[in-house]
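Structure, as structure tokens:
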Amino acid sequence: MDDGVSLIEAGTPAFRRTALALAAAGFSTFAVLYGVQPLLPVYAAEFGVSPAESSLALSLPCGVLAVALLFVSPVSEVWGRKPVMLASLLASAVLTIVAAVVPSWHGFLVLRALTGLAASGLPAVAMAYLGEEMHGRSIGLSMGLLVGGNAIGGMSGRLIAGIVADHASWRIGIGTIGVLALVAAIAFWWALPPSRSFTAHRMAWREVPGTFGRHFRDDGLPWLFAEAFLLMGGFVCIYNYIGFRLLDPPFSLSQTAIGAIFVVYLFGTASSTVTGEVASRLGRRKVLWLAIGVALAGILMTLAQSLWVVVLGIVVTTVGFFGAHSVASSWIGRRALRDRAQASSVYLCLYYLGSSALGTMGGWFFAHAGWSGVVAFVGCLYGLALAIALRLSRLPPLVPAT
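Using my numbering, the first residue of the sequence shown is number 567, and each one after it goes up by one.
If you want it as structure tokens, here you go:
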């Protein structure tokens, strides 16, 4: 869209402020969501629950977030993009601080579910903001930076929680994440430029189901939605249960060492940015299937008995996943010519439903077949994702609306 409004281009002060704001938002949202992931073995031991039950600390907020995404995007059409994102960041930070002191497992899960509800105001709305405010030449890079900021948040939350849990307690670790998320929310409020290509308007709520249904009649969008479900579900399975494997012989790592493994998210940050830029130049059809193939190779590498090969496999999986997610999410913004916020929310709904449903399902495979069962399950998910990507590579180019 142009309409006489100056869109944001890479290299400008507005671009740098937007990148800073969304990096802070990504840190806040993904630190509070995924900071619990390396602590799943701790929860299993402290509260006397199974690995699959302990995964509810992550799966439950992701599931609530997935459903809430379908409602929060239309709300942002009325209230505006920045106000909805800011409210989301503040609420999720405060709920995380409260969750650090609640005594019971069920009370903790209730607060985690509310955190997922609060966090729903950021992901799809941020994608819609970029789709509206960024110039077409810069949207691939900006979306890559957004995904990269999410990766840094996820990595930092996991790393902080794992290290603090080993030296103090998991409660102090989660409380620390909540305070840092609050600071990041304030940075977001200060840095993000107000919307210039968007005007808030009254929403005809009876028309909302139709706007969602329109996206499923597109030739490409339903397949991209399926990619979100499969890719995120498999990726979360790997990270949910690798800690259980590495705590046991022959590795017998400490909680700090397991938390440190999440530093490989830095590779995901670089991968999302670089892959987004490459896809803008070479075409998403040529890059998506390759990124998924890289992730699949990394998943198979984690079967090794050598710690270094396992860690390398996690690195390769992370690089492939974030590259594929960067390409698919930016493709949504270009493919959906209307109601971009709703299209983004459907993509992310399936993304987090995959995290919730498949992430917990992986616990059944781990309980019955160990790590090889998890790899077989995730390998099937990524094999199907690869087949879909190859189908998308044959998709005819979209004819722009005139």
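By construction, the Cβ of each residue, glycine as well, lies at the ideal position given by its N, Cα and C atoms. Note that the coordinates shown come from a computational prediction; the quantities given were computed from them, not determined experimentally.
Round the Cβ separation of residue i and residue j to the nearest angstrom and send it over; I've been treating them as touching at under 8 angstroms.
i	j	result
S911	L680	Not quite, the Cβ-Cβ distance comes to about 19 angstroms (not below 8 angstroms), so this is no contact.
S959	W855	6 angstroms
L919	A757	Wrong, their Cβ atoms sit about 31 angstroms apart, outside the cutoff.
T584	S658	Between S658 and T584 the Cβ distance is about 21 angstroms, and since that is not below 8 angstroms, they are no contact.
T835	A734	At roughly 27 angstroms, the Cβ-Cβ gap does not stay under 8 angstroms, so T835 and A734 are not in contact.
I743	V598	6 angstroms
I865	V944	5 angstroms
G825	A727	7 angstroms
V860	V893	That belief does not hold up - the Cβ atoms of V860 and V893 are roughly 12 angstroms apart, past 8 angstroms.
A618	G929	3 angstroms
G925	G799	6 angstroms
I729	A665	Going by Cβ atoms, the distance from I729 to A665 rounds to 19 angstroms, so no, they are not a contact pair.
G786	R901	5 angstroms
Q871	P815	At roughly 11 angstroms, the Cβ-Cβ gap does not stay under 8 angstroms, so Q871 and P815 are not in contact.
Measuring only the C-alpha atoms, how far is residue i from residue j?
i	j	result
A970	L688	The requested residue 970 does not occur in the structure, where the chain is confined to residues 567 to 968.
A863	L878	11 angstroms
A694	S761	11 angstroms
A913	A685	Reading the sequence as shown, one finds Tyr at residue 913 and not Ala. Taking the straight line from one Cα to the other gives about 16 angstroms.
V885	V667	35 angstroms
P579	S708	14 angstroms
L1006	I738	Examination of residue 1006 is not possible in this model, given that the chain is present from 567 through 968 alone.
A731	L605	8 angstroms
I827	T883	13 angstroms
R957	L624	32 angstroms
F791	Y917	8 angstroms
P640	V633	13 angstroms
A611	S670	14 angstroms
T841	G646	30 angstroms
E699	L952	32 angstroms
W937	L869	7 angstroms
R703	V844	12 angstroms
V876	P649	43 angstroms
P966	S818	Unreliable positioning characterises P966 in this predicted model, as indicated by a pLDDT of 49, which lies under 50. The coordinate reading is nonetheless provided below. Straight-line Cα distance between these residues: approximately 56 angstroms.
E793	A942	18 angstroms
P759	H891	25 angstroms
Y600	H701	31 angstroms
T996	L873	Since the first and last residues shown for the chain are 567 and 968, residue 996 lies out of range.
H934	S838	34 angstroms
Identify which residue in the options has its Cα closest to the Cα of residue i.
i	options	result
S820	G577, L599, P607, G601	P607
A590	A692, A727, R957	A692
P627	L661, V830, F833	L661
L655	G614, A750, Y805	A750
R811	F931, H672, I663, F791	F931
H672	P640, Y609, L950	Y609
V602	W874, G715, L725, S642	L725
R678	S621, G719, A653, F801	S621
M721	V664, I954, G889, V829	V829
N806	M927, P816, A894, C915	M927
F754	I954, Y831, M651	M651
L832	V676, P759, V881	V881
L573	E643, H891, L696	L696
V638	F613, I858, Q908	Q908
L588	Y948, V941, V615, L712	L712
L961	L813, G715, P815, R851	R851
L631	S896, V664, A665, L683	L683
V745	G723, F613, R901	G723
I858	G939, C946, V676	C946
S896	D785, L950, S837, G710	G710
State the DSSP-derived secondary structure class of residue i, mapped to helix, strand or coil.
i	result
A967	In this prediction, A967 scores a pLDDT of 42, lower than 50, which makes its location untrustworthy; the coordinate-derived value is nonetheless stated afterwards. Coil, per DSSP.
A823	helix
F817	coil
G614	coil
L688	coil
Q871	coil
D732	helix
Q605	The sequence shown places Leu at residue 605, rather than the Gln named in the question. Helix, per DSSP.
M567	Model confidence at M567 stands at a pLDDT of 44, short of 50, so the residue's coordinates are unreliable; what they give is reported in the following sentence. It is coil, neither helix nor strand.
V885	helix
A792	helix
P1033	Since the displayed the chain opens at 567 and closes at 968, residue 1033 lies outside it and no answer follows.
P649	helix
L624	helix
R762	coil
G879	helix
G786	coil
P962	coil
Pull the bridge partners of residue i from the DSSP assignment, please.
i	result
I574	M700
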